[in-house]
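This report concerns only the one structure given below.
In this note's numbering, the protein residues as written are -4 to 305.
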């Protein structure tokens, strides 16, 4: 019988620490050629869009895919894991919580690899559901003491900051503008639902900053303006192949000759030492996250192992 794992079961066995470990291993295995995935596929429907991410890990012996259907009012997600040798379906996993944790964990892995080691001030742009795990992941890897958040909707922003203050046992401060959120920050998380125009201006960046941009994955949407990318000393992505198809944030810099797809480092390259990543305290670093099937697969595999272990 196929095992079905509910959202409640995922929440019970999966911590941010677990997700960080699984996602980092996914990056490493992909970089060493023992795990493979393909860019996201989309099917436009009315009124929503179906997204499918698929991949396989030789190291784990699994094949898997995540399908999620996005509607204006929200989305539903399902993860499927199969045994690579036999084709047996090992698990169907309700993947809302899993997806949120793996997305946050990718930001955490990048922050651990690229941010200054003593980074303590976090600025955030966006106060949606996904920003929760973005902040939790940064907290797990850096000694954060100050958090400032800006979002367009005042009521949502205040509620978000109250909730995060309780979660973190720290005063998370709502602020009225993007510059106020970014000023003095060591790390900036950008996670916005819609960014038809950039929300982070390069003029706001300061030496030593690390930026995680994770909110958009369309060529016609941007969270970072051209100057923000131009000022970065290091720009890393999760997948070059996916970035070419989805990164509106980087496309203007590619067209201007500031960046080149062929030499753009993947985070796995940084983790394995193939790319130096940050080489000074003054450098500005950017991680552009799009999301990869292997992140879901490795986190889902951990969940299945924990459930099987009782």
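Ideal Cβ positions, reconstructed from N, Cα and C, are used throughout, including at glycine.
Nothing here was measured: the structure is a model prediction, and the numbers come from that model.
Checklist entry - Are the Cβ atoms of residue 297 and residue 13 separated by less than 7 angstroms? => result Numbered from 1 along the chain shown, position 302 holds the residue referred to as residue 297. Numbered from 1 along the chain shown, position 18 holds the residue referred to as residue 13. A Cβ-Cβ contact shorter than 7 angstroms links residue 297 with residue 13.
Next on the checklist: Quick check for students: name the residue ranges of the alpha helix (DSSP H) that lie wholly in the stretch 10 to 91, counting only runs of 4 or more.
Outcome noted: Segments of the alpha helix (DSSP H) lying fully in the stretch 10 to 91: 11 to 27.
Checklist entry - Per DSSP, which one or two residues make a beta bridge with residue 118? => result Against the chain shown, residue 118 aligns to sequence position 123. Beta-bridge pairing by DSSP links residue 118 to 143, 183.
Next on the checklist: Counting beta carbon pairs with one atom in the stretch 250 to 266 and one in the stretch 178 to 190, are three or more of them shorter than 8 angstroms?
Outcome noted: No, the stretch 178 to 190 is not in contact with the stretch 250 to 266.
Item to check | At least 3 beta-carbon pairs within less than 8 angstroms: the stretch 234 to 244 vs the stretch 116 to 128 | outcome: Because the criterion of three Cβ pairs below 8 angstroms is not met, the stretch 234 to 244 and the stretch 116 to 128 do not touch.
Checklist entry - Per DSSP, which one or two residues make a beta bridge with residue 282? => result For this step, residue 282 is matched to residue 287 along the chain shown. Beta-bridge pairing links residue 282 to 207, 231.
Item to check | Three-state secondary structure assigned by DSSP to residue 261 | outcome: Indexing the chain shown from 1 puts residue 261 at position 266. In this structure, residue 261 counts as strand in the three-state DSSP scheme.
Item to check | Segment limits, beta strand (DSSP E) that includes residue 169 | outcome: On the chain shown, position 174 is the one that residue 169 refers to. Per DSSP, residue 169 belongs to the beta strand (DSSP E) from 167 to 169.
Item to check | Beta-carbon proximity of residue 272 to residue 109, cut-off 7 angstroms | outcome: Start at 1 with the first residue of the chain shown, and residue 272 comes out as number 277. Start at 1 with the first residue of the chain shown, and residue 109 comes out as number 114. With contacts defined by Cβ atoms closer than 7 angstroms, residue 272 and residue 109 form a contacting pair.
Checklist entry - To which residues does DSSP link residue -2 through a beta bridge? => result For the purposes of this step, residue -2 is taken as residue 3 along the chain shown, with counting starting at 1. According to DSSP, residue -2 bridges with 86.
Checklist entry - For residue 102, does the count of other Cβ atoms within 10 angstroms reach 16, so buried, or fall short, so exposed? => result Residue mapping note: residue 102 aligns to position 107 of the chain shown, counting from 1. Residue 102 should be labelled buried.
Checklist entry - When the Cα of residue 47 is compared with those of 289, 17, 300, 166, which residue comes out closest? => result As a first step, residue 47 must be located in the chain shown, where it is residue number 52. Each of 289, 17, 300, 166 was checked against the Cα of residue 47, and the nearest Cα belongs to 289.
Next on the checklist: Considering only their Cβ atoms, is the gap separating residue 24 from residue 54 smaller than 7 angstroms?
Outcome noted: Along the chain shown, read from residue 1 onward, the residue named residue 54 stands at position 59. Along the chain shown, read from residue 1 onward, the residue named residue 24 stands at position 29. Yes, they are a contact pair.
Next on the checklist: Would residue 18 and residue 104 be called neighbours here (beta carbons separated by less than 7 angstroms)?
Outcome noted: Counted from its first residue, the chain shown places residue 18 at position 23. Counted from its first residue, the chain shown places residue 104 at position 109. A contact, by the Cβ cut-off of 7 angstroms.
Checklist entry - Helix, strand or coil: how does DSSP classify residue 266 here? => result Start at 1 with the first residue of the chain shown, and residue 266 comes out as number 271. Residue 266 falls in the helix class under three-state DSSP.
Item to check | Whether residue 115 touches residue 143 by CB criterion (7 angstroms) | outcome: In the chain shown, residue 115 corresponds to position 120, counting from 1. In the chain shown, residue 143 corresponds to position 148, counting from 1. Taking 7 angstroms as the Cβ cut-off, residue 115 and residue 143 do not qualify as a contacting pair.
Item to check | Host alpha helix (DSSP H) of residue 310 (start-end) | outcome: Outside the modelled stretch of the chain, which goes from -4 to 305, sits residue 310, for which no answer is possible.
Item to check | Contact with chain B by residue 24, beta-carbon distance below 7 angstroms | outcome: Any reference to chain B falls outside this structure, which holds one protein chain only.
Item to check | Three or more C-beta pairs below 8 angstroms linking the stretch 156 to 168 and the stretch 216 to 234 | outcome: No, the stretch 156 to 168 does not touch the stretch 216 to 234.
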